[in-house]
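2 protein chains.
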Amino acid sequence: MLINELSKRTGITAHTIRFYEKSGLIKGKRDENVKSNNYFHYDEETVEKLELVRDAKSIGFTISEISQLMDAWYNNKMTVAEKLSVLDEKLLSIDERIKQLKGMKKMISQFKKDVIEDDC
Amino acid sequence: MLINELSKRTGITAHTIRFYEKSGLIKGKRDENVKSNNYFHYDEETVEKLELVRDAKSIGFTISEISQLMDAWYNNKMTVAEKLSVLDEKLLSIDERIKQLKGMKKMISQFKKDVIEDDC
DNA sequence: TACAACATTAGAGTATAGTCTATACTTGCT
DNA sequence: AGCAAGTATAGACTATACTCTAATGTTGTA
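From first to last, the protein sequence lines stand for chains A and B.
Residue 13 in the working numbering sits at position 13 of the first sequence, and the numbers go up by one each step.
To convert, take the position in the second sequence, counting from 1, and add 120; that gives the working numbering.
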């Protein structure tokens with residue numbers, strides 16, 4: 001599929017997809033049989049990857065972190081041990097974030113109590 | 121206290137503190153009795169505020185969100201109802217983030233399983 | 001064949017959140 | 001007095017992650 005279809009399927013603009021391509025998150029292929037143009041072609045895996053990018057970005061992962069994550073997933077140059085190490089590291093960092101968020105919840109709840117009490 | 125002490129107590133550089141001041145997160149006071157300089161003086165509340173900024177930033181809150189949160193806390197121009205509304209909104213957004221993080225944990229755990237199975 | 005829609009590349013522009021430099025004045029210590 | 005350390009301000013610079021524009025060429029449809 002070409003970039004326009006990829007854009008429609010993922011809800012990510014062509015501009016941003018090209019930016020991700022430059023950043024190394026995805027890779028389109030050129031069709032060598034076609035000499036008249038330079039169009040990139042994308043496969044289903046790229047759709048999956050962009051969906052992962054969207055999810056990971058929404059929880060605050062940077063492009064560089066997402067890049068590591070996708071390497072652990074799709075890159076066959078990494079050993080199983082290396083992949084598991086990257087994945088475990090991400091799991092730990094997620095747990096850490098959840099912990100911090102819960103801490104902030106507690107603080108805000110306490111603030112709420114204080115605000116209500118001050119009102120009396 | 122002056123900016124240098126504030127910096128030492130919070131671990132935030134003077135440059136960044138001045139940036140936060142420009143952004144409206146904190147406010148130093150000038151001593152009107154002293155005419156020879158223009159130095160800002162900060163109180164304990166400012167230390168508290170900067171600690172809150174640090175915590176909130178670490179969980180991905182933007183300066184604008186932190187600003188709202190601090191208004192709900194310290195600004196006496198807001199009604200109790202308005203304050204509670206801001207705090208409740210932040211609590212909801214934190215819950216949403218925790219939900220997304222848990223979703224990502226599930227995905228990564230599944231990836232781990234897949235990586236291990238592929239290895240067999 | 002005209003022409004709208006689509007594709008590529010380079011590069012400029014935007015927003016957020018700092019970070020650093022330069023300049024100049026003030027304060028504290030010896 | 002001299003000098004290091006502290007302070008303020010303006011503005012330049014950096015990094016991340018887009019977002020948009022311009023120029024140019026290609027494809028598909030009426």
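For each residue, glycine too, the CB sits at the ideal point set by N, CA and C.
Beta-bridge pairing by DSSP links residue 128 of chain B to no other residue. The DSSP-derived three-state label of residue 40 of chain A is strand.
Residue 232 of chain B carries a helical assignment under DSSP once its states are collapsed to helix, strand and coil. Between the C-alpha atoms of residue 47 of chain A and residue 115 of chain A there is a straight-line separation of about 47 Å.
Residue-level contact check: residue 111 of chain A touches chain B, since one or more beta carbons of chain B fall below 8 Å from its beta carbon.
200, 203, 204, 207, 210, 211, 214 and 217: these are the residues of the segment 196 to 217 of chain B whose beta carbon lies less than 7 Å from some beta carbon of chain A, given in chain order. The segment 139 to 148 of chain B makes contact with the segment 160 to 177 of chain B; the number of CB pairs closer than 8 Å reaches 3 or more. For residue 149 of chain B, the three-state secondary structure derived from DSSP is strand. Nearest C-alpha to residue 148 of chain B among B:128, B:156, B:169 and B:155: B:169.
Rounded to whole angstroms, the gap between the alpha carbons of residue 194 of chain B and residue 69 of chain A is 41 Å. For residue 47 of chain A, the nearest beta carbon of chain B is not closer than 8 Å to its own beta carbon.
In the three-state DSSP reduction, residue 142 of chain B falls in the helix class (H, G or I).
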